[in-house]
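The numbering used here numbers the first residue of the sequence shown as 472 and each following residue consecutively.
Data first, discussion second: the structure below is written as C-alpha cells.
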Amino acid sequence: MALNTWPKPFHSFKDVRTFLIIISFVVTIGVVATYLFRYLTVNELLIQTVRHEAESFAELIVLTRHWNAAYGGVYVEKKPGIDSNPFLKELGIDPDIRTTDGRVLTLRNPAIMTREISELARRDNRAEFHMVSLKNLNPENRPDDFEKRSLERFEDGERAIWQFDRSGEKPVFRYIRSLVIEESCLPCHGKQGYQLGDVRGGVSVIIPAAELTSQMRTNRTQIIIDAVITIGVLLAILYLFAWKLVARLDDAQKRLQHLAVTDELTGLRNRRDIMEQLESEYQRAVRTGAALSLVIIDIDHFKQVNDTYGHAFGDVVLKSVARDMRDSLRTYDLLGRIGGEEFLIASPGSTLDEATALAERIREKIKGKTISGKNHSISITVSAGVTTLSGQDVKAGSLLARADDALYQAKQKGRDRVVTK
C-alpha cells in the first residue's frame with residue numbers, strides 16, 4: 472500500500488525515492504537545527520538583557536552602599552514611621568543623636584538604606600532587592616534556598632549567579648552578586664568577626680519575568696511557524712524538482728524500453744520481443760490447453776525490389792506490409808518482424824483453420840494494393856506458412872520450425888500462397 476502513495480513516475484525509480492526521502496530528512500534536520508540555533512540565540516539575548524538589568528540594579532545598590540558607607544552612614548530626621556535601627560544597638564552603636572534645636576536624627580547605615588529602597592521599588596512593582604548573609608543580624612536578611620546555595624558558592628570564588636524561578640505564581644529572574652568586606656564596612660561588620668576581603672554576603676535582585684517568558688513563548692511559536700513554512704516550501708521545491716527529473720527519466724526509460732522491443736523501421740515487435748512473447752504464449756497454451764497458431768509471412772521477391780528500386784523504396788514496402796498486417800489482426804494477436812522481409816504472427820486461441828483464414832485475408836489485402844513511392848508504384852505478393860500447436864510439440868521452437876517449413880513449401884509451390892502444416 473505504501474508504494475501506491477507515490478506518484479507513478481517514482482514507482483520505477485526506487486533509488487530516487489530513497490534519495491528523496493534521505494534528502495528530505497537532511498533538509499528537515501538542517502532547517503530544524505538552523506531555527507533551533509536562532510531560537511536559542513534570541514532567547515540568550517533576551518536573558519542577557521534581563522541579566523544586564525539585574526546587574527545594573529545590583530551595581531547601583533552597591534554604589535549607593537559605598538556612598539553611604541563612605542560617610543559613615545546618613546542621618547535622617549526621626550519622624551512617625553521612621554524608627555531607629557535596632558541592630559545597630561546590638562553592635563554597640565547608638566543610632567540616634569539630638570540636635571541643638573531639639574530634633575532627633577537616626578542613623579541610616581547601608582543595610583537599612585538598602586531595605587528601605589527595596590520597599591519603595593516593591594511598592595512600584597519594580598525589581599526587588601535585599602541583602603542576604605550566612606551571618607545576619609536582621610532575620611529579614613536570612614537567605615532562601617537559592618540564596619544560601621549561591622552564598623556558599625561565593626565562598627568558593629564565584630562572584631555572581633542567576634536563574635529563572637517558575638516555582639511561584641509568576642515567573643521571576645533571580646540574580647545575586649557577592650559583597651566583599653571593605654575598609655568602610657569594618658566599623659559595623661568587624662564586630663561580627665569579618666576581616667578585610669571576606670565575603671560579607673550578597674545583593675539579591677528579583678525581577679518580574681512574566682513579560683520575558685511571554686516574549687520567549689512568542690519567539691518559540693514564531694520560530695516553529697517559520698520552520699514549518701520553510702520546511703514545507705523547501706520540500707515542495709525539492710519534490711517538484713525531483714518530480715520533473717523523474718518524469719523525464721521515466722519518459723526516457725519508457726522510450727528505451729520501447730526501442731528495446733520495437734523494430735525501428737516498422738514499429739512492430741522486434742525479433743527478441745516476439746520470440747519472448749511466443750515462449751510465454753506457448754507456456755500458457757500448454758498449461759491451459761488453449762489453442763495457439765503461428766503464421767510466418769514473407770514478402771515475395773523482396774530482394775529484387777531492393778535491387779531495382781533501392782533500399783529506401785524497400786523500406787516503404789516493409790512499412791506498408793507491416794501496416795496492412797497490423798490492421799488485420801485482433802487486439803490480442805502478436806505481430807513482429809523476425810527477419811529482413813519475414814514477419815511472425817502468434818494468434819492465441821485460434822485454430823488452424825482460423826489462422827489460415829487470417830493469413831489468406833492478409834495475402835489478398837496486400838496483393839490487391841498498389842504501393843507507391845516518390846517515383847515508383849508497384850504491387851507485391853506474400854507467401855505464408857501456418858501451423859498450430861499439437862501434442863507432439865515439446866517447445867515453442869518446434870512450433871516455429873513447422874511454420875517456417877510451411878512457408879518454405881509455399882515458396883517452392885510458386886509463392887503468393889498460404890500453406891499449412
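All C-beta atoms in this analysis are idealised placements derived from N, C-alpha and C, irrespective of residue type, glycine included.
Rounded to a whole number of angstroms, what is the C-alpha to C-alpha distance between residue i and residue j?
i	j	result
F625	A707	55 Å
F814	M746	12 Å
K606	L559	15 Å
K550	M602	25 Å
A582	K619	18 Å
D804	A855	16 Å
L680	R613	Here residue 680 turns out to be Ala, not Leu, going by the sequence shown. Looking at the two C-alpha atoms, the distance is approximately 23 Å.
L474	V513	Any reading at L474 needs caution, since the residue's pLDDT is 47, under 50, leaving its predicted position unreliable; the model's value is listed next. In a straight line, the C-alpha of L474 is about 42 Å away from that of V513.
E599	A592	6 Å
V487	L789	41 Å
V651	E587	21 Å
Q724	R743	18 Å
V890	E825	13 Å
A540	I564	15 Å
G820	V865	18 Å
S527	I677	12 Å
P557	G544	15 Å
L739	L829	18 Å
A881	D887	8 Å
L720	E735	21 Å
T733	N741	5 Å
Y879	G760	28 Å
L705	I632	43 Å
L860	I494	55 Å
E682	N690	12 Å
E524	D615	22 Å
T489	I500	17 Å
A731	S751	18 Å
D572	N580	23 Å
A756	G868	14 Å
S649	D567	30 Å
Y780	K774	10 Å
E711	F496	This sequence places Leu at residue 711; Glu is not what is there. Going from the Cα of L711 to the Cα of F496 covers about 16 Å.
E515	R688	13 Å
H729	S791	21 Å
Output the boundary residues of the alpha helix (DSSP H) element that contains residue i.
i	result
E813	Per DSSP, E813 belongs to no alpha helix (DSSP H); it is in the beta strand (DSSP E), E813 to P819.
V699	A681 to V732
G868	A867 to Q883
A830	L823 to K838
E626	D616 to E626
Y546	Here Y546 belongs to no alpha helix (DSSP H); instead the beta strand (DSSP E) covers V545 to E548.
A582	P581 to R594
H601	No alpha helix (DSSP H) holds H601; the beta strand (DSSP E) holding it covers E599 to V603.
A631	Unbroken run through A631 is the beta strand (DSSP E), A631 to D636; no alpha helix (DSSP H).
Less than 8 Å separating the beta-carbons of residue i and residue j?
i	j	result
S764	S799	no
V502	T701	yes
T858	K892	yes
A698	Y506	yes
R630	T585	no
K553	T570	Correcting the residue type first, residue 553 is Ile in the shown sequence and not Lys. No, these two residues do not count as a Cβ contact at 8 Å.
A762	T822	yes
E548	R574	yes
V521	L709	no
Y510	I694	yes
V643	A529	no
A718	L491	no
S604	G672	yes
Please list the terminal residues of the continuous beta strand (DSSP E) segment that includes residue i.
i	result
I647	V643 to V651
I849	S848 to S850
S854	V853 to T859
I568	D567 to R569
L749	Per DSSP, L749 belongs to no beta strand (DSSP E); it is in the alpha helix (DSSP H), R742 to T759.
G785	That residue, G785, is in no beta strand (DSSP E); its alpha helix (DSSP H) goes H782 to S799.
T841	T841 to S843
G807	L805 to R808
Is any heavy atom of the ligand GDP found at a distance shorter than 7 Å from the C-beta of residue i?
i	result
R488	The model depicted lacks the ligand GDP and carries no ligand whatsoever.
Near residue i, which residues of its chain fall below 7 Å by C-beta distance, leaving aside the five closest residues on each side in sequence?
i	result
Q634	F617 and R645
Q686	L517
L870	Y753, L765, T858, L860 and D864
What does a CB cutoff of less than 8 Å around residue i pick up in its chain, not counting 5 residues either side in sequence?
i	result
M472	In this prediction, M472 scores a pLDDT of 42, lower than 50, which makes its location untrustworthy; the coordinate-derived value is nonetheless stated afterwards. Excluding positions up to five away in sequence, the list is empty.
R797	L739 and L806
Can you find the residues in the same chain that come closer than 6 Å, C-beta to C-beta, to residue i, ignoring five residues on each side of it along the sequence?
i	result
D909	Within the shown structure, residues of the chain are numbered from 472 to 892, placing residue 909 beyond reach of any answer.
A793	T737 and L739
T841	S848 and S850
I809	R742 and L815
R832	S799
Does the region 848-855 come within contact of the region 765-774, defined as at least 3 CB pairs closer than 8 Å?
yes
I'd like to know if the region 826-845 and the region 781-796 are in contact, where contact means that at least 3 CB-CB pairs between them fall below 8 Å.
yes
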